[in-house]
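J.: Sequential numbering from 1 applies to the sequence shown in the UniProt record's numbering.
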Amino acid sequence: MSDRHQLTDSGPHAQGSDVEPGPVAENRPRPRRGRRIALVVLLVVVLLTGGGALAGGLYYRSVDKSIERVDAFEGVPEESRPQVEAKGAMNIMILGSDSRDPESTGGSRSDTIILAHLPKDRSSAQLISIPRDTWTAVPKSKEGRGGRDAKINAAYAWGGVPLMVQTVEKFSGVRVDNVAMVDFAGFKEIIDALGGVEIEVEKGFTTKYSLIGTRTFEKGRQIMDGAAALDYARERHAFPDGDFARIRHQQQVIKAILDKAASGGVLANPAKLNSFVRATSDSVAVDESLSLVDLAMEMRGLRGDNLTFFTCPVKGTGRVGTESVVLPDPARSKTLFDAVRRDSVPEILAASGK
Numbered sequence: 001m002s003d004r005h006q007l008t009d010s011g012p013h014a015q016g017s018d019v020e021p022g023p024v025a026e027n028r029p030r031p032r033r034g035r036r037i038a039l040v041v042l043l044v045v046v047l048l049t050g051g052g053a054l055a056g057g058l059y060y061r062s063v064d065k066s067i068e069r070v071d072a073f074e075g076v077p078e079e080s081r082p083q084v085e086a087k088g089a090m091n092i093m094i095l096g097s098d099s100r101d102p103e104s105t106g107g108s109r110s111d112t113i114i115l116a117h118l119p120k121d122r123s124s125a126q127l128i129s130i131p132r133d134t135w136t137a138v139p140k141s142k143e144g145r146g147g148r149d150a151k152i153n154a155a156y157a158w159g160g161v162p163l164m165v166q167t168v169e170k171f172s173g174v175r176v177d178n179v180a181m182v183d184f185a186g187f188k189e190i191i192d193a194l195g196g197v198e199i200e201v202e203k204g205f206t207t208k209y210s211l212i213g214t215r216t217f218e219k220g221r222q223i224m225d226g227a228a229a230l231d232y233a234r235e236r237h238a239f240p241d242g243d244f245a246r247i248r249h250q251q252q253v254i255k256a257i258l259d260k261a262a263s264g265g266v267l268a269n270p271a272k273l274n275s276f277v278r279a280t281s282d283s284v285a286v287d288e289s290l291s292l293v294d295l296a297m298e299m300r301g302l303r304g305d306n307l308t309f310f311t312c313p314v315k316g317t318g319r320v321g322t323e324s325v326v327l328p329d330p331a332r333s334k335t336l337f338d339a340v341r342r343d344s345v346p347e348i349l350a351a352s353g354k
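1. Under 7 angstroms Cβ to Cβ from SER333, same chain only, skipping five residues before and after it: list those, please.
2. Where DSSP assigns a beta bridge to ASP183, which residues make up the other side?
3. Note the first and the last residue of the continuous alpha helix (DSSP H) segment covering GLN166.
4. Judging by CA-CA distance, which residue of ILE113, VAL253, THR335 is the nearest neighbour of THR167?
5. Among LEU349, SER352, GLY146, SER344, whose alpha-carbon lies nearest the alpha-carbon of ALA86?
6. Determine the contact status of GLN252 and SER129, defining contact as a CB-CB distance below 8 angstroms.
7. According to DSSP, simplified to helix, strand and coil, what is VAL45?
8. With three or more beta-carbon pairs closer than 8 angstroms as the criterion, would you say the segment 237-246 touches the segment 206-224?
9. Using three-state DSSP, classify PHE244 as helix, strand or coil.
10. Can you tell me whether DSSP reads VAL345 as helix, strand or coil?
11. So LEU290 and ASN153 are supposed to be a Cβ contact under 8 angstroms. How far apart are they, rounded?
12. State the start and end residues of the unbroken beta strand (DSSP E) segment that holds ALA285.
13. Using the Cα positions of ARG342 and VAL174, report the straight-line distance between them to the nearest angstrom.
14. Would you list the residues sitting across from ALA137 in a DSSP beta bridge?
15. Rounded to whole angstroms, what is the Cα-Cα separation between ILE223 and GLU74?
16. Taking 7 angstroms as the limit between beta carbons, can you name the residues of its chain near PHE337, skipping five residues before and five after?
17. Whole-angstrom Cβ separation of VAL182 and MET93, contact assumed at under 8 angstroms?
18. What is the DSSP secondary structure of GLN126, counted as helix, strand or coil?
19. How would you call ARG246, buried or exposed, if buried means at least 16 neighbouring beta carbons within 10 angstroms?
20. Grouping DSSP H, G and I as helix and E and B as strand, with all else coil, what is ARG332?
21. Just curious, the beta strand (DSSP E) that GLY220 is in, first and last residue?
22. What number of angstroms, rounded off, separates the C-alpha of ASP294 from the C-alpha of GLY147?
23. Helix, strand or coil for residue 358, going by three-state DSSP, please let me know.
24. Are the beta-carbon atoms of SER97 and ASP111 separated by less than 8 angstroms?
25. With H, G and I counted as helix, E and B as strand and the rest as coil, what does DSSP make of ALA116?
26. Do you know how far the Cα of ILE254 is from the Cα of LEU95?
27. In the DSSP output, what is ILE92 paired with across the bridge?
28. Can you look up GLY22 in the DSSP assignment and give me helix, strand or coil?
29. Could you give the first and the last residue of the continuous beta strand (DSSP E) run that contains ARG319?
30. Report buried or exposed for THR136, applying the criterion of at least 16 other Cβ atoms within 10 angstroms of its Cβ.
This is the structure:
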């Protein structure tokens, strides 16, 4: 079995992270070979299931039953969890890694944390990226690890998915309803199955951490194949804001994938559609209660224009002891996450500056 997708090294061991290593969590899922990017599968199943044909519905339900499951809430104490304030809304925590990043050494992984809010009416989605180096309180795991301030991604190394759930809930005050696992290395296969995606490059740059050695991106709108889009989404050194630029680019690529998957050219082409589904259907890992097909039926009208991506408010970067960290902005974050808890989309967008 491959360890390509494992988030084992994405906490304290992540590239650019200074948190001291902790014992490896024993309750990590053992991912299947070939997992790629669960978020895209989640969104694409929304699009595909909207076709409404009985045969198609049965096909996707069979796919749903084969999806790998993660016990994301094992040992999470109910009494410490945020209460549900807006019944019907859904908050999905998406954990990401990049298991084939050429920049990674010694098995380290780049990682991503996204809190996706799906309003009660399922007419839109707001995806909030939480920088991996955000300095926050990490609760103590059932094995006794953690229980102190650290970078938020340390929680995974100390207690696996359940401790990440507790940490994100404590940080945001938002109850996590479901969990999905992501591997950004899968961008290549997914985008190639779509025939490429269109990306607006904000600033020309050259990356040395490329699948082909080096790659230069010119400013402006362009079509990228899978390898180019993956290089684009990985780069951080070419930008003064480093990981924040990488977050923006990941968000761009996710939206571009969704827009391309929603295009008539893909949905109307059986061969292209089938190759896309095959490139993603075996890559999903979600918690035990999440049905992607049921969710897709609720959200069959969702398109790229209905998605809003933004980053959790921060004050900037700094140092805590010997560690380089991202400093959250408590006041602005509280305003944002209060709106998420109440399912007030206009207030979420206002708090995010969108």
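We put the CB at the ideal spot given by N, CA and C, even for glycine.
T.: Short version:
1. Locating residue 333 in the sequence shown gives position 333, where the first residue counts as 1. Answer for SER333: CYS312, PRO313, listed in chain order.
2. The residue you call residue 183 lines up with position 183 of the sequence shown. Its beta-bridge partners are SER97.
3. Taking the first residue of the sequence shown as position 1, residue 166 is located at position 166. Per DSSP, GLN166 belongs to the alpha helix (DSSP H) from 154-172.
4. Translated into the one-based positions of the sequence shown, residue 167 becomes position 167. When each option's Cα is compared against that of THR167, the closest is ILE113.
5. Within the sequence shown, numbered from 1, the residue matching residue 86 stands at position 86. It is SER344 whose Cα lies nearest to the Cα of ALA86.
6. Position 252 of the sequence shown holds residue 252. Position 129 of the sequence shown holds residue 129. It is not a contact, given that the beta carbons lie outside the stated cut-off.
7. As a working mapping, residue 45 is identified with position 45 in the sequence shown. At VAL45, the pLDDT of 45 sits below 50, so the modelled position is not reliable; the number obtained from the coordinates is stated separately. Residue state, collapsed to three classes: helix.
8. yes
9. Taking the sequence shown and counting its residues from 1, the one referred to as residue 244 is at position 244. Here PHE244 sits in helix by DSSP.
10. Taking the first residue of the sequence shown as position 1, residue 345 is located at position 345. Note: VAL345 maps to helix in three-state DSSP.
11. Your numbering for residue 290 matches position 290 in the sequence shown. Your numbering for residue 153 matches position 153 in the sequence shown. Actually they are not in contact, since the Cβ atoms of LEU290 and ASN153 sit about 22 angstroms apart, beyond 8 angstroms.
12. Numbered from 1 along the sequence shown, position 285 holds the residue referred to as residue 285. Run containing ALA285: 285-287, per the beta strand (DSSP E) assignment.
13. Looking up residue 342 in the sequence shown gives position 342. Looking up residue 174 in the sequence shown gives position 174. Rounded to the nearest angstrom, the two C-alpha atoms are 10 angstroms apart.
14. The count along the sequence shown starts at 1 and reaches residue 137 at position 137. Paired residue(s): ASP149.
15. Sequence index remark: in the sequence shown, residue 223 carries index 223 (1-based). Sequence index remark: in the sequence shown, residue 74 carries index 74 (1-based). About 43 angstroms.
16. The residue labelled residue 337 in the question sits at position 337 within the sequence shown. Hits under 7 angstroms: SER172, GLY173, VAL174.
17. In the sequence shown, counting from the first residue as 1, residue 182 sits at position 182. In the sequence shown, counting from the first residue as 1, residue 93 sits at position 93. Contact flag wrong, Cβ pair sits at about 11 angstroms.
18. Reading the sequence shown from its first residue, position 126 is the one you call residue 126. It is a strand residue.
19. For the purposes of this step, residue 246 is taken as residue 246 along the sequence shown, with counting starting at 1. Counting Cβ neighbours within 10 Å, ARG246 comes out buried, since at least 16 surround it.
20. On the sequence shown, position 332 is the one that residue 332 refers to. Three-state DSSP puts ARG332 in a helix.
21. As a first step, residue 220 must be located in the sequence shown, where it is residue number 220. Segment 220-224, the beta strand (DSSP E) holding GLY220.
22. Position 294 of the sequence shown, counted from the first residue, corresponds to residue 294. Position 147 of the sequence shown, counted from the first residue, corresponds to residue 147. The straight-line gap from Cα to Cα measures roughly 37 angstroms.
23. Absent from the model: residue 358. The displayed extent of the chain is 1 to 354, so no value can be given.
24. Along the sequence shown, read from residue 1 onward, the residue named residue 97 stands at position 97. Along the sequence shown, read from residue 1 onward, the residue named residue 111 stands at position 111. Taking 8 angstroms as the Cβ cut-off, SER97 and ASP111 qualify as a contacting pair.
25. On the sequence shown, position 116 is the one that residue 116 refers to. ALA116 falls in the strand class under three-state DSSP.
26. In the sequence shown, counting from the first residue as 1, residue 95 sits at position 95. In the sequence shown, counting from the first residue as 1, residue 254 sits at position 254. If you take the alpha carbons of LEU95 and ILE254, they lie about 14 angstroms apart.
27. Taking the sequence shown and counting its residues from 1, the one referred to as residue 92 is at position 92. Note: ILE92 sits in a beta bridge opposite ALA116, ASN178.
28. Numbered from its first residue, the sequence shown carries residue 22 at position 22. For GLY22, the predicted model reports a pLDDT of 39, less than 50, meaning its position is unreliable; a value from the coordinates is still stated below. Here GLY22 sits in coil by DSSP.
29. The residue you call residue 319 lines up with position 319 of the sequence shown. Residues 314-320.
30. Here residue 136 refers to the residue found at position 136 when the sequence shown is read from its first residue. THR136 should be labelled buried.
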